[in-house]
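Chemist: Got a structure here, written out as structure tokens. Questions coming.
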Amino acid sequence: MNKPLNETVLAYHERTKHHFDRYARGPAHINWNAQPDAFRRYAGAARFELPLVADTLASTYVDLYQPGAIAPQPMILKNVAALLELSLGISAWKQYGENHWALRCNPSSGNLHPTEGYLVLPNMTHIAAGVYHYLSHDHVLEQRGIFKQKGTEILEAALSTGSFLIGLTSIPWREAWKYGERGFRYCQHDIGHAIAAIRYAAATLGWKVQLLDNWADAEISIMLGLEQNENFDSTEPEIPEVMLSINTQNHILPYSRGLTGRLLGKSIVPATTDTRWVGKANVLDADHHYEWPIIDIVLDATVKPATEETNWTPPPLPPLLPLSCQSRAASLIRQRRSAQRFETITPLSLKGFYRLLDSTLPRNGATPWDVYPHLPRIHLILFVHKVAGLSPGIYILLRRDGIEDNLRAALQHEHFLWSKPKKCPEYLHFYQLFQGDAKNAALQISCHQEIAADSAFSLGMLAEFEASLKKGPWGYRQLFWEAGIVGQVLYLEAEALGVRGTGIGCYFDDALHSLLGLTGTRYQSMYHFTIGTPLHDRRLQTLPPYAHLQTKKQGITNK
Numbered sequence: 004m005n006k007p008l009n010e011t012v013l014a015y016h017e018r019t020k021h022h023f024d025r026y027a028r029g030p031a032h033i034n035w036n037a038q039p040d041a042f043r044r045y046a047g048a049a050r051f052e053l054p055l056v057a058d059t060l061a062s063t064y065v066d067l068y069q070p071g072a073i074a075p076q077p078m079i080l081k082n083v084a085a086l087l088e089l090s091l092g093i094s095a096w097k098q099y100g101e102n103h104w105a106l107r108c109n110p111s112s113g114n115l116h117p118t119e120g121y122l123v124l125p126n127m128t129h130i131a132a133g134v135y136h137y138l139s140h141d142h143v144l145e146q147r148g149i150f151k152q153k154g155t156e157i158l159e160a161a162l163s164t165g166s167f168l169i170g171l172t173s174i175p176w177r178e179a180w181k182y183g184e185r186g187f188r189y190c191q192h193d194i195g196h197a198i199a200a201i202r203y204a205a206a207t208l209g210w211k212v213q214l215l216d217n218w219a220d221a222e223i224s225i226m227l228g229l230e231q232n233e234n235f236d237s238t239e240p241e242i243p244e245v246m247l248s249i250n251t252q253n254h255i256l257p258y259s260r261g262l263t264g265r266l267l268g269k270s271i272v273p274a275t276t277d278t279r280w281v282g283k284a285n286v287l288d289a290d291h292h293y294e295w296p297i298i299d300i301v302l303d304a305t306v307k308p309a310t311e312e313t314n315w316t317p318p319p320l321p322p323l324l325p326l327s328c329q330s331r332a333a334s335l336i337r338q339r340r341s342a343q344r345f346e347t348i349t350p351l352s353l354k355g356f357y358r359l360l361d362s363t364l365p366r367n368g369a370t371p372w373d374v375y376p377h378l379p380r381i382h383l384i385l386f387v388h389k390v391a392g393l394s395p396g397i398y399i400l401l402r403r404d405g406i407e408d409n410l411r412a413a414l415q416h417e418h419f420l421w422s423k424p425k426k427c428p429e430y431l432h433f434y435q436l437f438q439g440d441a442k443n444a445a446l447q448i449s450c451h452q453e454i455a456a457d458s459a460f461s462l463g464m465l466a467e468f469e470a471s472l473k474k475g476p477w478g479y480r481q482l483f484w485e486a487g488i489v490g491q492v493l494y495l496e497a498e499a500l501g502v503r504g505t506g507i508g509c510y511f512d513d514a515l516h517s518l519l520g521l522t523g524t525r526y527q528s529m530y531h532f533t534i535g536t537p538l539h540d541r542r543l544q545t546l547p548p549y550a551h552l553q554t555k556k557q558g559i560t561n562k
């Protein structure tokens, strides 16, 4: 007899935890020379070259948080290109000796990039209505779906004026190749990062983004042409994740104004009837040495049906704490990196620290949280090492009202202080649980990684696990998305403060729970993160993101 779906999710989550005496199941050996292709391509699909225009955007990073500071730009191909360049595009190349690899604006566990992006466009100048895959390596759109006249009419009738869609998918094999059974978790983290990356990029253009959380996975799959099995390698399935609506005329009202009626999948999927699908997906890895059936099981268990809309309204909060950053938004977005090492001397300012915490709180109509219409279920457990004016120790940040009594009861540690630090903004539900050196605890819990102890602080993202699964097993995926959005916020805010962050996917789940006195599965750790002053590896050379395209063009010209 098959397990109920939520039991399947719980079984997967327990099975894929790391423990002090064993790690989750993964490959016994990693051959980096055999890494799967990091770029999906469609042979036979028409290609539309996009201009590289992010450097022309003058909006500053702080402008992104000021409603109305950036006038909405028109929905033309140049601006669509800027959105993609700053969200899913390459941000730089790194080179060490003869090895070189790409970094992207949307971070990924192990830099493996299972996330793929697709556009569903109405008729525009220079490009016809259809479904397009974004190939970040070449900064081009590959036309996968060619709509007939009737399909174009259905699409344009369903979309608001000045709107188009972005669909995100995952190719689990890219993560499972390195991380084995835990790879599904990392795919979902990456979707959260990508959602936030798209929201930030849209903000540079004065555009809004809406998460179409009412869509069924099957509707996304049909809309993006993933059902065309003959065009994909059966050992490397591509999984539908989420559909986003990009609104260029800034006509989405704040949720508090009572707007409902997000685009229904059933109103637009008929546009794909009689669509001509073009292009065959490249094989990413011709030689699979390991297979992980548990990933297929949890994928099946977490398939999302069509659901009712969710519209949670954030409570009123004071304006986000000020930031003195003068960087252009495009520059800051592309300079985001994952720190590999931290220096152990320089403390983070208290003002900067509270700004970081404040930026993780959802505000009505504010970037990037206006994209995520769900009650916050992620709270932060912080290991503070070097923050000026704050004693070292373990702290907690509650990201919503009404949860404090529940968490106080759940964190069964009689010595926890629950004291609010001096100079902490009143509206931040931020408390010190333990005073003392927390470096060793952070180090051990984060798989003995020095980055968790050498930083200014590290943190674990503690989720309201059981409550999230009550709406359905797909709530498991959405917890990782929320954690990924928090991570993307921390990445960019750290850069704006002149420091650097790093997501930590390897941690001992139950070790954190034990430290906090947690039992059962009401709360579970979903993701870890760390921020500090980075040490730069001078052996690595940084190259411009699309210099390879210029070299290629020059080579053609010379011939």
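Each residue of the sequence shown is one higher than the one before, starting from 4 at the first, in this note's numbering. Glycine included, C-beta positions come from ideal geometry on N, C-alpha and C. Quantities reported herein were computed from a predicted structural model and do not represent experimental measurements.
How would you write the range of the beta strand (DSSP E) that Ile336 sits in, first residue to last?
Modeler: The residue you call residue 336 lines up with position 333 of the sequence shown. Segment 332 to 338 is the alpha helix (DSSP H) holding Ile336; no beta strand (DSSP E) there.
Chemist: Here's the rule I'm using: 16 or more other beta-carbon atoms within 10 Å means buried, otherwise exposed. How should Leu91 be labelled?
Modeler: On the sequence shown, position 88 is the one that residue 91 refers to. So Leu91 ends up on the buried side.
Chemist: Please give me, in chain order, every unbroken run of the alpha helix (DSSP H) with length at least 4 that falls completely inside the stretch 320 to 399.
Modeler: Listed in chain order, they are 332 to 338, 353 to 362.
Chemist: On the three-state DSSP scale, how would you describe Lys426?
Modeler: Numbered from its first residue, the sequence shown carries residue 426 at position 423. If DSSP states are grouped into helix, strand and coil, Lys426 belongs with coil.
Chemist: Starting from Gln435, trace the beta strand (DSSP E) in both directions and tell me its first and last residue.
Modeler: Position 432 of the sequence shown, counting from 1, holds the residue named residue 435. Counting along the chain, the beta strand (DSSP E) containing Gln435 begins and ends at 432 to 438.
Chemist: Classify Ile1: buried if its beta carbon has 16 or more other beta carbons within 10 angstroms, exposed otherwise.
Modeler: Because the chain spans 4 through 562 in this model, residue 1 falls outside it and cannot be assessed.
Chemist: Count the other C-beta atoms from every protein chain shown that fall within 10 angstroms of the C-beta of Lys81, then say buried if there are 16 or more, exposed otherwise.
Modeler: Counting from 1 along the sequence shown, the entry for residue 81 is found at position 78. Exposed: under 16 other Cβ atoms inside 10 Å.
Chemist: Measure the CB-CB distance between His382 and Leu400 and report whether it falls below 8 Å.
Modeler: The residue given as residue 382 occupies position 379 in the sequence shown. The residue given as residue 400 occupies position 397 in the sequence shown. Yes, these two residues count as a Cβ contact at 8 Å.
Chemist: According to DSSP, is Trp484 part of a helix, a strand, or is it coil?
Modeler: In the sequence shown, the residue the question calls residue 484 occupies position 481. Three-state result, Trp484: helix.
Chemist: Could you give the residue range of the alpha helix (DSSP H) that holds Ser471?
Modeler: Your numbering for residue 471 matches position 468 in the sequence shown. Here the alpha helix (DSSP H) through Ser471 covers 468 to 472.
Chemist: Helix, strand or coil for Ser173 per DSSP?
Modeler: As a first step, residue 173 is located in the sequence shown; it is residue number 170 there, counting from the start. Ser173 falls in the strand class under three-state DSSP.
Chemist: Tell me the DSSP secondary structure of Pro296 in three-state form.
Modeler: Position 293 of the sequence shown, counting from 1, holds the residue named residue 296. Three-state result, Pro296: helix.
Chemist: Run through the DSSP bridge pairs and tell me what Leu144 is partnered with.
Modeler: Translated into positions along the sequence shown, residue 144 becomes position 141. According to DSSP, which records beta bridges pairwise, Leu144 is partnered with Phe51, Tyr137.
Chemist: Are the beta-carbon atoms of Thr545 and Val502 separated by less than 8 Å?
Modeler: Numbered from its first residue, the sequence shown carries residue 545 at position 542. Numbered from its first residue, the sequence shown carries residue 502 at position 499. Not a contact, by the Cβ cut-off of 8 Å.
Chemist: Have a look at Trp372, Leu518, Glu498 and flag the residue whose alpha-carbon is nearest the alpha-carbon of Gly487.
Modeler: If you number the sequence shown from 1, residue 487 lands on position 484. When each option's Cα is compared against that of Gly487, the closest is Trp372.
Chemist: So what's Phe532 in DSSP terms, helix, strand or just coil?
Modeler: Numbered from its first residue, the sequence shown carries residue 532 at position 529. If DSSP states are grouped into helix, strand and coil, Phe532 belongs with the strands.
Chemist: Quick check: the Cα distance between Asp361 and Leu323, rounded to an integer number of angstroms?
Modeler: Position 358 of the sequence shown, counted from the first residue, corresponds to residue 361. Position 320 of the sequence shown, counted from the first residue, corresponds to residue 323. Approximately 6 Å between the Cα atoms of the pair.
Chemist: Since Ser62 contacts Ala332 with CB under 8 Å, what's their CB separation in whole angstroms?
Modeler: On the sequence shown, position 59 is the one that residue 62 refers to. On the sequence shown, position 329 is the one that residue 332 refers to. That belief holds up - the Cβ atoms of Ser62 and Ala332 are roughly 5 Å apart, short of 8 Å.
Chemist: Please classify Leu8: does DSSP put it in a helix, a strand, or coil?
Modeler: To locate residue 8, count along the sequence shown from 1; it is residue 5. Correct three-state label for Leu8: helix.
Chemist: Mark Tyr99 as exposed unless 16 or more other C-beta atoms lie within 10 angstroms of its C-beta, in which case mark it buried.
Modeler: Here residue 99 refers to the residue found at position 96 when the sequence shown is read from its first residue. Exposed, since its Cβ has fewer than 16 Cβ neighbours within 10 Å.
Chemist: Taking the alpha-carbon positions, what's the Gly396 to Val65 distance?
Modeler: Position 393 of the sequence shown holds residue 396. Position 62 of the sequence shown holds residue 65. Near 31 Å, if we compare the C-alpha coordinates of Val65 and Gly396.
Chemist: For Tyr15, verify whether its CB is less than 7 Å away from any heavy atom of the ligand SAH.
Modeler: Absence of the ligand SAH from the depicted structure is noted, as is the absence of any ligand whatsoever, leaving it without description.
Chemist: Tell me whether Pro547 sits in a helix, a strand or coil according to DSSP, three-state version.
Modeler: Within the sequence shown, numbered from 1, the residue matching residue 547 stands at position 544. It is coil, neither helix nor strand.
Chemist: In angstroms, rounded to a whole number, what distance separates the CA positions of Gly120 and Met246?
Modeler: Residue mapping note: residue 120 aligns to position 117 of the sequence shown, counting from 1. Residue mapping note: residue 246 aligns to position 243 of the sequence shown, counting from 1. About 10 Å.
Chemist: Suppose you measure from the CA of Gly463 to the CA of Ile384; what does that come to, to the nearest Å?
Modeler: The residue you call residue 463 lines up with position 460 of the sequence shown. The residue you call residue 384 lines up with position 381 of the sequence shown. Going by the C-alpha atoms only, they are around 5 Å apart.
Chemist: Go ahead and pull the three-state DSSP assignment for Phe167.
Modeler: Taking the sequence shown and counting its residues from 1, one reaches residue 167 at position 164. In this structure, Phe167 counts as strand in the three-state DSSP scheme.
Chemist: Across the stretch 170 to 185 and the stretch 219 to 231, are there enough close Cβ pairs to call them in contact, namely three or more that are closer than 8 Å?
Modeler: Yes, the stretch 170 to 185 touches the stretch 219 to 231.
Chemist: For Glu469 and Arg525, what's the separation of their Cα atoms in angstroms?
Modeler: Position 466 of the sequence shown, counted from the first residue, corresponds to residue 469. Position 522 of the sequence shown, counted from the first residue, corresponds to residue 525. Using only the alpha carbons, I get a separation of about 5 Å.
Chemist: By alpha-carbon positions, which one of Lys269, Lys389, Val286, Leu378 ends up nearest to Arg402?
Modeler: To locate residue 402, count along the sequence shown from 1; it is residue 399. Of Lys269, Lys389, Val286, Leu378, the residue nearest in Cα terms is Leu378.
Chemist: Return the residue from the list Leu543, Ala550, Phe419, Asp457 that minimises the CA-CA distance to Glu101.
Modeler: Numbered from 1 along the sequence shown, position 98 holds the residue referred to as residue 101. Closest option to Glu101, Cα to Cα, is Leu543.
Chemist: Just tell me which of Glu156, Thr118, Leu208 has its CA closest to the CA of Glu178.
Modeler: Working through the sequence shown from its first residue, we reach residue 178 at position 175. The shortest C-alpha separation from Glu178 is found at Thr118.
Chemist: Lys151 to Tyr530, Cα distance in whole Å?
Modeler: Working through the sequence shown from its first residue, we reach residue 151 at position 148. Working through the sequence shown from its first residue, we reach residue 530 at position 527. One C-alpha to the other measures close to 44 Å.
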